[in-house]
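I have placed the structure first, in the form of C-alpha cells, so that the comments after it can refer back to it.
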Amino acid sequence: MASFSIKFLAPSLPNPARFSKNAVKLHATPPSVAAPPAGAPEVAAERLEPRVEEKDGYWILKEQFRKGINPQEKVKIEKEPMKLFMENGIEELAKIPIEEIDQSKLTKDDIDVRLKWLGLFHRRKNQYGRFMMRLKLPNGVTTSAQTRYLASVIRKYGKEGCADITTRQNWQIRGVVLPDVPEILKGLAEVGLTSLQSGMDNVRNPVGNPLAGIDPEEIVDTRPYTNLLSQFITGNSRGNPAVSNLPRKWNPCVVGSHDLYEHPHINDLAYMPATKDGRFGFNLLVGGFFSAKRCDEAIPLDAWVPADDVVPVCKAILEAFRDLGFRGNRQKCRMMWLIDELGVEGFRAEVEKRMPQQELERASPEDLVQKQWERRDYLGVHPQKQEGYSFIGLHIPVGRVQADDMDELARLADEYGSGEIRLTVEQNIIIPNIENSKIEALLKEPVLSTFSPDPPILMKGLVACTGNQFCGQAIIETKARSLMITEEVQRQVSLTRPVRMHWTGCPNTCAQVQVADIGFMGCLTRDKNGKTVEGADVFLGGRIGSDSHLGEVYKKAVPCDDLVPLVVDLLVNYFGAVPREREETED
C-alpha cells in the first residue's frame, strides 16, 4: 500500500479552565435543533423539535410529545452524574458510610447509577459495598507500570479482588470499596489511566487492531485514531459533558487489518479503511448493537471521511444521537432505533448538519479490506514488521487474572519486550516488541504454563462474561462453568480447527454470544425432575471477519448439567469433531 501522511484535526474540546472544582457551567451552548430532512418520515419531523433547557450546566432534552422519559433519564436530570468527578463530589461521597448513603434516594442513586459515569459499578446484589471499576483503554494498549498499579489496587482486597479483560479490549478491576476511590482515581491519573465515562449512557472504549503498528499485513495503524477518539470523548480525561448524556451506551471501533479483529459489524460506529481519489480515509458503518430485546449488525451510512475527519464525524454522529435519540423505553434507546425511524438518508442528513463542512462524501468503492481474507491466529509467536522482532499472543483463560498474575505479565513485558501489553476482544494478551534472540528464554517462563501461547484448541476461542459470581444481572455462573464444560468436551472429542464458544450470563450478552460459533446465554429452566436450575439458550452459527453475521438460537433453556452431550453433538455434526473413542479405535 502506498505511504501517506495523516494530519489530525484537533478535536473540539471544552476549555480545560472550565473544569475547576468551582465550575458551574460545564459545557458549550446547548445544541440547536435543525429542521427535518426532506422526505423524512412524519414522525421524525415531529421528534426533531425537542425543547432544550439548561439546568446546572447540564443540558436536558424536554420531549413534550413523548409519553415520558425512563427512570435513568430522571436520575440524570435530578443531579448531573459528571459532577461527581468534575466538582470533586466523589471526595465527599466517599466519606459517608454506605449504610447511610442508602438512607437517601439521592445518594443511593449516586452509588447505583451516577458513579457509572466514573466507571464504578456497585455490586449491590452479590458484593454489597464493593465496586467494579472499568477503565478507558483505547486500542487495548497498556503498560507494565499501569498493569502493576492495577495489581496493587486489587491485591489489598484479597479474595474479593481480581481483574478481567473485557470484550472491548479493556481492564475491569473488582473488589473496590468507596472510601478508596479518590486515592485510586489519583493513582490512575499518575500512571496515565482514566475510568471516566466508561459506563451507562457514555461512549465505550474505542476498539482497534491489537496488532497496530507491528503487523506486517496491517492496512493502517489504528492507535492514533483510537487515542484521539478517547481524548475527545473524555475531554482529555477532564470530562466532556457534551457527549456524556447520550440516550444509551455507544460503541466505536477503528479497523486496521483484513482480519477485522475489531468486530466492526457489532459497533455503533465502525471506521472501515478506504481510499478515495488517492486519499486515505474510512467508509462508515453505523448502528450495530446487542441488547436483551434486539440485536442488529451495523449498516453502511454511505459515507466516506478523510483521515482528518475521524473525530469531527464521531462528534457529529454523537450529537445527532444525543439530540434526537429515544429517551423513553430503555430497550429502544440504542442508536439503530433512531436510524430506523429517520431512515439511513435522514440520519445521514442529520449528521451532515453537524459536520463542520455541512457535507459528507458518498462512500468510496475503494474499500481496502480484502473480503476473502482468512482470519489469522495471533496466539503464539509471530514476526513483526520491524526486522528482528516478534510478538507473542498469550491465552488468558476466560480473561480472569489475579494481582500476582498481573505482576508476572508486567515482568514479562519489561524483561522481554518494551514494557507494553495489549488486550484483545477475545480476552487475551499480546506482548509486542520482543527481540528474536529472547524468544527461546521467554517460552521457558513458568507462567506460560498458565497463560499459554499454544492452548488446547477449544480453549483458544473461549470467551465468558463476569457471570453471577459478581454481576447482579447475570442469571448463571459463567467463567468457572465454561472452563469446566470445555475441558470435559475436550476429553470426549478431537478437533482440527478452533471453534469459538462464548458464554454470557444474561440477555444483555456482554460476551457477545451472537458472534460465536456456539453461544450460551444464561437462563433459568427446569431439569428432568422439574427442579429450577441454571440453564442456557444455545446459539449457533455466528461469524466474524469478512463474512460476518449473527448466530441464531439453536435450542432454548438447556439445563447446564445437560450441555456437555449437546456441545459434543454440535461439534461432531457441524464442526468436524471426532469422538475420541472412535479416533482410538481407528488408530
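Under the working numbering, the residues of the sequence shown are numbered 4 to 590, in order. C-beta: ideal position from N, C-alpha, C; glycine also.
Among E411, Y131, V556, D115, whose alpha-carbon lies nearest the alpha-carbon of V450? Position 447 of the sequence shown, counted from the start, is the residue given in the question as residue 450. The candidate whose alpha carbon is nearest that of V450 is E411.
Which of the three DSSP states, helix, strand or coil, is assigned to F235? If you number the sequence shown from 1, residue 235 lands on position 232. In the structure shown, F235 sits in a helix (DSSP, three-state: H, G or I).
Simplified DSSP state of I434, which is helix, strand or coil: Residue mapping note: residue 434 aligns to position 431 of the sequence shown, counting from 1. Strand.
What did DSSP end up calling H125 once you bin it into helix, strand or coil? Along the sequence shown, read from residue 1 onward, the residue named residue 125 stands at position 122. H125: strand per DSSP, three-state reduction.
Can we say the stretch 460-468 touches the stretch 417-426, given the rule of at least three CB pairs closer than 8 Å? no
Return yes when the Cβ of C468 is within less than 9 Å of the Cβ of T481, no when it is not. The residue given as residue 481 occupies position 478 in the sequence shown. The residue given as residue 468 occupies position 465 in the sequence shown. Result yes, Cβ atoms of T481 and C468 sit closer than 9 Å.
Can you give the Cα-Cα distance for I437 and Q389, rounded to whole angstroms? Along the sequence shown, read from residue 1 onward, the residue named residue 437 stands at position 434. Along the sequence shown, read from residue 1 onward, the residue named residue 389 stands at position 386. Distance between the alpha carbons of I437 and Q389 is about 10 Å.
What separation, rounded to the nearest whole angstrom, lies between the Cα atoms of C2 and P227? Since the displayed the chain opens at 4 and closes at 590, residue 2 lies outside it and no answer follows.
Please name the residue or residues paired with V223 in a DSSP beta bridge. Numbered from 1 along the sequence shown, position 220 holds the residue referred to as residue 223. DSSP output for V223 lists no bridge partner at all.
Taking the straight line between their C-alpha atoms, what separation do you get for K162 and L327? As a working note, residue 162 is residue 159 in the sequence shown. As a working note, residue 327 is residue 324 in the sequence shown. Those two C-alpha atoms are separated by around 45 Å.
Who are the Cβ neighbours of P359 in its own chain at under 7 Å, not counting the five residues just before and after it? As a working mapping, residue 359 is identified with position 356 in the sequence shown. These residues qualify, in order along the chain: P315.
Would E429 be called buried (16 or more neighbouring beta carbons within 10 Å of its own) or exposed? Locating residue 429 in the sequence shown gives position 426, where the first residue counts as 1. It is buried - the Cβ of E429 has at least 16 other Cβ atoms within 10 Å.
Cβ neighbours of E221 in the same chain (closer than 8 Å, five flanking residues each side left out): Working through the sequence shown from its first residue, we reach residue 221 at position 218. Answer for E221: N212, L214, A215, G259, S260, K388, listed in chain order.
Alpha carbon to alpha carbon, how far is R241 from L231? Give it in angstroms, no decimals. Numbered from its first residue, the sequence shown carries residue 231 at position 228. Numbered from its first residue, the sequence shown carries residue 241 at position 238. Each residue's alpha carbon lies about 14 Å from the other.
Would you tell me roughly how many angstroms separate the C-alpha atoms of P582 and V575, rounded to the nearest one? Residue mapping note: residue 582 aligns to position 579 of the sequence shown, counting from 1. Residue mapping note: residue 575 aligns to position 572 of the sequence shown, counting from 1. Roughly 7 Å between the two C-alpha positions.
Would you decide whether A580 is buried or exposed? Buried here means 16 or more other CB atoms lie within 10 Å of its CB. On the sequence shown, position 577 is the one that residue 580 refers to. Classified as buried, A580 has 16 or more neighbouring CB atoms from the shown chains inside 10 Å of its CB.
Can you confirm whether the stretch 154-173 touches the stretch 437-446 when touching is taken to mean that 3 or more C-beta pairs between the two stretches lie within less than 8 Å? no
To which residues of the same chain is D262 closer than 6 Å at the C-beta, ignoring the five residues directly before and after it? Within the sequence shown, residue 262 is the residue found at index 259, counting from 1. The residues are R378, R379.
Please report the straight-line C-alpha distance between A310 and G508, rounded to a whole angstrom. Numbered from 1 along the sequence shown, position 307 holds the residue referred to as residue 310. Numbered from 1 along the sequence shown, position 505 holds the residue referred to as residue 508. Looking at the two C-alpha atoms, the distance is approximately 39 Å.
DSSP puts Y131 in a beta bridge; with which residues? What you label residue 131 is simply residue 128 of the sequence shown in a count that begins at 1. DSSP output for Y131 lists no bridge partner at all.
What's the gap between the Cα of Q472 and the Cα of L382? The residue labelled residue 472 in the question sits at position 469 within the sequence shown. The residue labelled residue 382 in the question sits at position 379 within the sequence shown. So the alpha carbons of these two residues sit roughly 28 Å apart.
With the cut-off set at 9 Å, would you say V372 and P276 are in Cβ contact? Here the question's residue 372 lines up with position 369 in the sequence shown. Here the question's residue 276 lines up with position 273 in the sequence shown. Going by C-beta atoms, V372 is nearer than 9 Å to P276.
For a quick check, are the C-beta atoms of D204 and N248 less than 9 Å apart? Position 201 of the sequence shown, counted from the start, is the residue given in the question as residue 204. Position 245 of the sequence shown, counted from the start, is the residue given in the question as residue 248. Yes. Within cutoff.
C-alpha gap between E369 and Q234, whole angstroms: As a first step, residue 369 is located in the sequence shown; it is residue number 366 there, counting from the start. As a first step, residue 234 is located in the sequence shown; it is residue number 231 there, counting from the start. Cα to Cα, the separation comes out at about 29 Å.
Can you look up C509 in the DSSP assignment and give me helix, strand or coil? Taking the sequence shown and counting its residues from 1, the one referred to as residue 509 is at position 506. In this structure, C509 counts as coil in the three-state DSSP scheme.
6 Å Cβ shell around F578 - same chain, five flanking residues per side excluded: Along the sequence shown, one-based indexing puts residue 578 at 575. If we look at F578 and ignore the five residues flanking it on each side, its Cβ neighbours are V502.
Classification of Q375 by the beta-carbon crowding that lies within 10 angstroms, buried from 16 upward: Counting from 1 along the sequence shown, the entry for residue 375 is found at position 372. Q375 comes out exposed.
Got a sec, what are the start and stop residues for the alpha helix (DSSP H) G190 sits in? For this step, residue 190 is matched to residue 187 along the sequence shown. Segment 184-193, the alpha helix (DSSP H) holding G190.
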